[in-house]
Every structure is written in C-alpha cells, then in structure tokens.
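Trainee: So the protein sequences, as listed, match chains A and B.
All residue numbers for the first sequence refer to my numbering, where the first residue is 1123 and numbers rise by one.
All residue numbers for the second sequence refer to my numbering, where the first residue is -14 and numbers rise by one.
Ideal Cβ placement from N, Cα and C applies to all residues, glycine included.
As the structure is a computational prediction, the values presented were derived from the model and not from experiment.
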Amino acid sequence: MARVLINLPPRAKRGEIIEIKTLIAHPMETGYRLDKTGAAIPRDIISRFVCTYNGDEIFRAELFPAIAANPFIAFFTTATESGELAFIWTGDHGQTQTEVRQITIE
Amino acid sequence: MRAFLLGALALGAAAAEIAPEARRSGYDFAGPETRAMQDDDMANPGMLWVMQGEALWDKKSGAADRSCADCHGDARISMKGAAARYPAFDAALGYPVDLEQRINHCRTERQQAEPLAWESPDLLALTAFVAFQSRGLPVATPVDARLRPFSDVGSELYHRREGQLNLSCGQCHDDNWGKQLAGSPIPQGHPTGYPLYRLEWQSLGSLQRRLRNCMIGVRAEPYEYGAPEAVALELYLMERARGMPIETPAVRP
Chain A
1123 MARVLINLPP
1133 RAKRGEIIEI
1143 KTLIAHPMET
1153 GYRLDKTGAA
1163 IPRDIISRFV
1173 CTYNGDEIFR
1183 AELFPAIAAN
1193 PFIAFFTTAT
1203 ESGELAFIWT
1213 GDHGQTQTEV
1223 RQITIE
Chain B
-14 MRAFLLGALA
-4 LGAAAAEIAP
6 EARRSGYDFA
16 GPETRAMQDD
26 DMANPGMLWV
36 MQGEALWDKK
46 SGAADRSCAD
56 CHGDARISMK
66 GAAARYPAFD
76 AALGYPVDLE
86 QRINHCRTER
96 QQAEPLAWES
106 PDLLALTAFV
116 AFQSRGLPVA
126 TPVDARLRPF
136 SDVGSELYHR
146 REGQLNLSCG
156 QCHDDNWGKQ
166 LAGSPIPQGH
176 PTGYPLYRLE
186 WQSLGSLQRR
196 LRNCMIGVRA
206 EPYEYGAPEA
216 VALELYLMER
226 ARGMPIETPA
236 VRP
C-alpha cells in the first residue's frame, strides 16, 4: 500500500465549495529510462484517479508518463450532504488503492 | 586610482564569509510555487517520508526485536531538537557522526539489525521523521572542543578548489549567492532542510547526496557516502548555519 495524504475539511456548510488535496507516494516510472546495465526500467505509473462522493463520481483524472513522481491532485467540489468520499488510484496493471474519508455537513 | 582601490575593497569584501544577519535559507531563493509546496503539509511530498518514518519508529526490528520507540519513547518529545545538534561527536568512535550514521549505529548496536543502505527509503524516512521533530528550532551544533579539528577539515574542504572546473564551495555559495547559474539562483548553501524533497530528484534525498551532486557539478570525484570528508563538510555547513531554523522536510527545485 502506498502512503497517501488526503486533506479535506471534516465539516462543511451545505452548498459550500471545498478544496480536496491528495498526494500519493508513487515512482511514476516512465518506461523510457535505462538502469545501470542498460536494460529498460519497466513502465509503472498510476494511469487513473477517481473521486466519488456518496457513490457519485465527482472528479476523474487520467495520468500519463510525463507526470512527476508522487502525484499531487487538488480539486474542488460542492459540499452537498454528509457521507463519505472515496479516492481510487488505478495503476497500469489494474491494481487499485482506495482510501475513504468522512465529511459532515452542518 | 580611487576607483581601483574601491574595486579591490569590494572584491575583498565579497570573498569574506556571509554575515550572520545576511544569511538566507534556500527557501528564500526558491520560486513561490515551491515555497507554497513546502509550507503546506498536505502538499509537501516530504511528508510522505515523515509518515513512513513514524511507522518505522514503532516497528520492531533486528535480533533484539526492539523498536526505536522501545528505547526512545515518543519521538515528539525525545527527538525534539536532536537533529539540530548533528553531526555530533561520538566518544566511543572518536569522530563525529551525522544523523543517518547515528540511526544506523542504533540499528546495528541496539537492535542488532542490518544497517540501512544510504539513500534507501527506510533510512531517509527515519531521518526525515527524526529531523521533523526539530522543525522550527534553530540549528544548535554543539560547541565541543573535540569537534574543532573535524570542522576545521570541513572548512578547509569548503574553501579548497576542486574538480576540473577548479571551484571551491565558497566561490559559489559565499561569493556569488543570489546570482544566476544557468538560470537557477545560487543559494548560500545552508543545510537547514535535510533530508529534503528535491523536484529534480522526484524524491527525498540526504545532504550527502546533495554534496555529491555539487561535486559532480564541478567535475570532482565525489566522496563516498559516509566518508569522513563528507561528514566533516556537513559539520562545517551546520556550524555555518548555526541559529537558522530547521525546515525538514524542505522542498527545493
């Protein structure tokens, strides 16, 4: 499991626009680099990131080899109701990591 | 004649060491985006290593089956200010050791575990976690007579011209800081944020890694990791930065 930092306000007012910041530890190996012996280092990147809010997709990003290691993704959404936000990172070979955070609407 | 004299004076003054009040962290030379990244713990990628280090702190390891926490307890208390005092003199070894070496010494002696490789994720994580406990505290390299000969060696290495470019550290970092080198500002070379996240590395890295980079830059033979020269240079740099706040984990371009 990769290390992840997720920042979102634990509480928000209904209708408030909130910022969500995510950071995940990942090498984002491009596949174009060679190791010391000249052999190609296999590509290993996160290719997709999705955020859902109570099951509804609110943000999606496709990632490519030119994106730096440890991708930082920040975005905004409108706080509508209490519940959970799920963050799903998907790698090249379909492996996923999911993190869930709760939000309370006042 | 007078202009010549003034010019000579200016040159003489430029070669001197940086006055304490004129010292500036590399943070001040970084761009606004890089500074914002360092300032926000949720955007600072160095915090990923601090998190990992926190987990490693409590993990039992080695034949002694002991964790760092078993001896040192809560790092937030026991390690507060520790990194600000390194490199420190080790009486048993008879020479100064830096923070990475101290951690590895603890591993081999107390935990009876294999030492961690230089620049390995685990060593960087533990070092970052320990140094993070000193964030905001001033660099307080001990005033220790036993350290004197080693910091003198460090000073000598700092001021000695090296490599095919025949440059000393001081020629850039004392005499020409604030100017541009191939489009990048030259900082004063204060090691207050290590281990730090360098965007160029796309990773956290140690001060020794940075020193090796500089030496390769002037086309000199870099010191091996953990070489006495490297630690002496670290010691001199920390003394030179005495009183400046620790920033670990810093972010630099």
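For residue 1148 of chain A and residue 188 of chain B, what's the separation of their Cα atoms in angstroms?
Mentor: Stepping through the first sequence from its first residue, residue 1148 of chain A is reached at position 26. Stepping through the second sequence from its first residue, residue 188 of chain B is reached at position 203. Each residue's Cα considered, the two are about 10 Å apart.
Trainee: Could you give the first and the last residue of the continuous beta strand (DSSP E) run that contains residue 128 of chain B?
Mentor: Along the second sequence, one-based indexing puts residue 128 of chain B at 143. Where residue 128 of chain B is concerned, there is no enclosing beta strand (DSSP E), given that its DSSP letter is neither H nor E.
Trainee: Shortest alpha-carbon distance to residue 1201 of chain A belongs to which of A:1160, A:1225, A:1123, A:1126?
Mentor: For this step, residue 1201 of chain A is matched to residue 79 along the first sequence. If we check each option's Cα against that of residue 1201 of chain A, A:1225 comes out closest.
Trainee: Tell me the DSSP secondary structure of residue 170 of chain B in three-state form.
Mentor: The count along the second sequence starts at 1 and reaches residue 170 of chain B at position 185. If DSSP states are grouped into helix, strand and coil, residue 170 of chain B belongs with the strands.
Trainee: Report yes or no: is there a C-beta of chain B within less than 8 Å of the C-beta of residue 1125 of chain A?
Mentor: On the first sequence, residue 1125 of chain A is found 3 positions in, with the first residue counted as 1. Output row for residue 1125 of chain A: interface = yes.
Trainee: Residues of chain B with CB closer than 9 Å to the CB of residue 1145 of chain A, please, in chain order.
Mentor: What you label residue 1145 of chain A is simply residue 23 of the first sequence in a count that begins at 1. Under the 9 Å cutoff, chain B gives 27, 28, 29, 30, 32, 33.
Trainee: What whole-angstrom Cβ distance do residue 196 of chain B and residue 212 of chain B have, given they're in contact under 8 Å?
Mentor: The count along the second sequence starts at 1 and reaches residue 196 of chain B at position 211. The count along the second sequence starts at 1 and reaches residue 212 of chain B at position 227. About 10 Å separates the two Cβ atoms, so there is no contact after all.
Trainee: In whole angstroms, what separates the C-alpha of residue 1187 of chain A from that of residue 132 of chain B?
Mentor: To locate residue 1187 of chain A, count along the first sequence from 1; it is residue 65. To locate residue 132 of chain B, count along the second sequence from 1; it is residue 147. Rounded to whole angstroms, residue 1187 of chain A to residue 132 of chain B spans 47 Å at the Cα level.
Trainee: When Cβ atoms are compared, which residues of the stretch 1187 to 1207 of chain A fall closer than 7 Å to chain B?
Mentor: Residues passing the 7 Å Cβ filter: 1190, 1191, 1192, 1194.
Trainee: Does the stretch 1205 to 1222 of chain A touch the stretch 1131 to 1149 of chain A, meaning 3 or more C-beta pairs lie closer than 8 Å?
Mentor: Touching, per the Cβ criterion.
Trainee: In chain B, what lies closer than 9 Å to residue 1176 of chain A by C-beta?
Mentor: The sequence position of residue 1176 of chain A within the first sequence is 54, counting from 1. Ordered by position in chain B, no residue passes the 9 Å Cβ test against residue 1176 of chain A, which lies about 23 Å from the chain.
Trainee: What are the residues in the stretch 185 to 198 of chain B lying within 8 Å of chain A by C-beta distance?
Mentor: Residues 187, 188.
Trainee: Taking a contact to mean a Cβ-Cβ separation below 8 Å, would you say residue 178 of chain B touches residue 16 of chain B in this structure?
Mentor: Along the second sequence, one-based indexing puts residue 178 of chain B at 193. Along the second sequence, one-based indexing puts residue 16 of chain B at 31. The answer is no: Cβ separation not under 8 Å.
Trainee: Could you give the DSSP three-state label for residue 1159 of chain A: helix, strand or coil?
Mentor: The sequence position of residue 1159 of chain A within the first sequence is 37, counting from 1. Three-state DSSP puts residue 1159 of chain A in coil, outside helix and strand.
Trainee: To the nearest angstrom, how far is the alpha carbon of residue 231 of chain B from that of residue 68 of chain B?
Mentor: As a working note, residue 231 of chain B is residue 246 in the second sequence. As a working note, residue 68 of chain B is residue 83 in the second sequence. Each residue's alpha carbon lies about 8 Å from the other.
Trainee: Roughly how far, in whole angstroms, is the beta-carbon of residue 88 of chain B from the beta-carbon of residue 109 of chain B, given that I think they are within contact range, below 8 Å?
Mentor: Counted from its first residue, the second sequence places residue 88 of chain B at position 103. Counted from its first residue, the second sequence places residue 109 of chain B at position 124. Wrong, their Cβ atoms sit about 10 Å apart, outside the cutoff.
Trainee: Taking 8 Å as the threshold (beta carbon to beta carbon), is residue 37 of chain B in contact with chain A?
Mentor: Along the second sequence, one-based indexing puts residue 37 of chain B at 52. Yes, contact with chain A.
Trainee: Okay, do the stretch 34 to 41 of chain B and the stretch 201 to 212 of chain B touch, 3+ Cβ pairs below 8 Å being the bar?
Mentor: At 8 Å Cβ cutoff, the stretches do not touch.
Trainee: Please work out which residues of its chain come closer than 7 Å, Cβ to Cβ, to residue 1179 of chain A, disregarding the five sequence neighbours upstream and downstream, and give them in chain order.
Mentor: In the first sequence, the residue the question calls residue 1179 of chain A occupies position 57. Excluding residues within five positions, the ones whose Cβ falls inside 7 Å are 1172.
Trainee: Taking 8 Å as the threshold, find out whether the stretch 16 to 36 of chain B comes into contact with the stretch 73 to 83 of chain B through three or more Cβ pairs.
Mentor: No, the stretch 16 to 36 of chain B is not in contact with the stretch 73 to 83 of chain B.
Trainee: Thinking C-beta only, is residue 223 of chain B closer than 8 Å to residue 172 of chain B?
Mentor: If you number the second sequence from 1, residue 172 of chain B lands on position 187. If you number the second sequence from 1, residue 223 of chain B lands on position 238. The answer is no: Cβ separation not under 8 Å.
Trainee: Looking only at its chain, what residues have a beta carbon closer than 7 Å to the beta carbon of residue 90 of chain B, apart from the 5 residues adjacent to it on each side?
Mentor: Residue numbering aside, residue 90 of chain B sits at position 105 when the second sequence is read from its first letter. Taken in chain order, the residues that qualify are 82.
Trainee: Looking at the C-beta of residue 19 of chain B, does it have a partner C-beta in chain C at a distance below 8 Å?
Mentor: Although the question refers to chain C, the structure presented lacks it and instead comprises the protein chains A and B.
Trainee: Do three or more CB pairs link the stretch 126 to 144 of chain B to the stretch 45 to 55 of chain B at distances below 8 Å?
Mentor: Because the criterion of three Cβ pairs below 8 Å is not met, the stretch 126 to 144 of chain B and the stretch 45 to 55 of chain B do not touch.
Trainee: What residue range does the alpha helix (DSSP H) around residue 213 of chain B cover?
Mentor: As a first step, residue 213 of chain B must be located in the second sequence, where it is residue number 228. It spans 213 to 225 - the alpha helix (DSSP H) in which residue 213 of chain B sits, taken as one unbroken run.
Trainee: In chain order, which beta strand (DSSP E) runs of at least 3 residues are fully inside the stretch 74 to 106 of chain B?
Mentor: Fully enclosed beta strand (DSSP E) runs of 3 or longer: 80 to 82.
Trainee: Is the beta carbon of residue 180 of chain B less than 8 Å from the beta carbon of residue 233 of chain B?
Mentor: As a position in the second sequence, residue 180 of chain B is number 195, starting the count at 1. As a position in the second sequence, residue 233 of chain B is number 248, starting the count at 1. Yes. Within cutoff.
Trainee: Flag this pair as yes or no: are the beta carbons of residue 1219 of chain A and residue 1124 of chain A separated by less than 8 Å?
Mentor: To locate residue 1219 of chain A, count along the first sequence from 1; it is residue 97. To locate residue 1124 of chain A, count along the first sequence from 1; it is residue 2. Result yes, Cβ atoms of residue 1219 of chain A and residue 1124 of chain A sit closer than 8 Å.
Trainee: Is the beta carbon of residue 124 of chain B closer than 8 Å to that of residue 217 of chain B?
Mentor: Locating residue 217 of chain B in the second sequence gives position 232, where the first residue counts as 1. Locating residue 124 of chain B in the second sequence gives position 139, where the first residue counts as 1. No.
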